[in-house]
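In what follows, a structure is listed as structure tokens, so that the remarks can point back to it.
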Amino acid sequence: MELNGVIPDWDMEDQLVNVFGRRGYPVRRYWRMMYWMPKFKNASPWAVPDTLSTDPYQLAVNAIERITSVDIATKIDVYQTADVKDSLEDTWIVSGQSVDQKQLLASLPDKTPVYVEGRYQVFVQRQAVTYFVLRADMKAEKKPKEENYDDISNMYIPLFSKPRADIALKPSVHEQEDGIFLAVCCTGTSSRDSLLSWIRSLEKDNPRLKDLTVVFTLRAPPDETSLTEAGGSNEITQDSNIRNSERSL
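Positions 1 to 249 (UniProt numbering) are the ones given, in order, by the sequence shown.
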């Protein structure tokens, strides 16, 4: 039962006690299982139904909720590519973005490159779901001002001196060593055109995207429709040499 993840019921305890007694090793084993197995079953903060739906859309919603649970202010939006002008596909897009991510996106300078990267996989139980991220490079760290601690003529005394301005700000959870993560999404087809429609949909809540350079670091199969400028002032760049670690679709 333990190897197959089956939690015994109370009738099993009665049967074991009647056969082996309350001090028998099978009964002790049963008690240990009843203590630990419910704890392990409910240990994951991303609980999913025991009978998981095989609908790709519902799996995508569960996957995005799991990925974005690091920020409780994340909002999950569902877009339809049919609502995007000049879209070549008719599919759904499940997108996740928080208020902090919108502020980080709005603070980027003009023409800053932001990258649509993927495809990555996350597992919902035994179902693999493909997702993509919108990422920007980390900002250059501000180096602290070097001081000569041997110079006692200009000694800093916290009680009497003015507060220092060079205070290090704690980065948000979206600012990691490999970049600033601005949004995440799953699409029904995982194609380049659906990702382009995702960027167009994000522009509604993030007008700053129109002033940035969006770079798709993906490779498409030869028969896939190539990306073209679909209106707007967004600069779409396809450069297979942006990164040596590009992942192919």
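Even for Gly, the Cβ is constructed at its ideal location relative to N, Cα and C.
Query: Residue interval of the alpha helix (DSSP H) (run including residue 106); Result: 99-106
Query: The region 60-76 / the region 87-105 touching (three or more Cβ pairs under 8 Å); Result: yes
Query: Residue 60 in three-state terms, based on DSSP; Result: helix
Query: beta-carbon residue 191 near the ligand FAD non-hydrogen atom, thresh 8 Å; Result: Judged by which ligands are present, the structure shown has none, so any question about the ligand FAD falls away.
Query: Which residues DSSP lists as bridging residue 180, in chain order; Result: 136 and 175
Query: Start and end residues, alpha helix (DSSP H) containing residue 27; Result: 25-41
Query: Residue interval of the alpha helix (DSSP H) (run including residue 19); Result: 10-20
Query: Residue 66 in three-state terms, based on DSSP; Result: helix
Query: Cβ-based burial, residue 193 [other Cβ within 10 Å; buried from 16]; Result: buried
Query: Rounded Cβ spacing between residue 122 and residue 47 (contact assumed at less than 8 Å); Result: Going by Cβ atoms, the distance from residue 122 to residue 47 rounds to 15 Å, so no, they are not a contact pair.
Query: DSSP three-state assignment for residue 218, whether helix, strand or coil; Result: strand
Query: Residue burial classification, residue 200 (beta-carbon count within 10 angstroms, cutoff 16); Result: buried
Query: Residue 198, buried or exposed, once every other Cβ within 10 Å from all chains shown has been counted against 16; Result: buried
Query: 7 Å Cβ shell around residue 176 - same chain, five flanking residues per side excluded; Result: none
Query: Residue 51, buried or exposed, once every other Cβ within 10 Å from all chains shown has been counted against 16; Result: exposed
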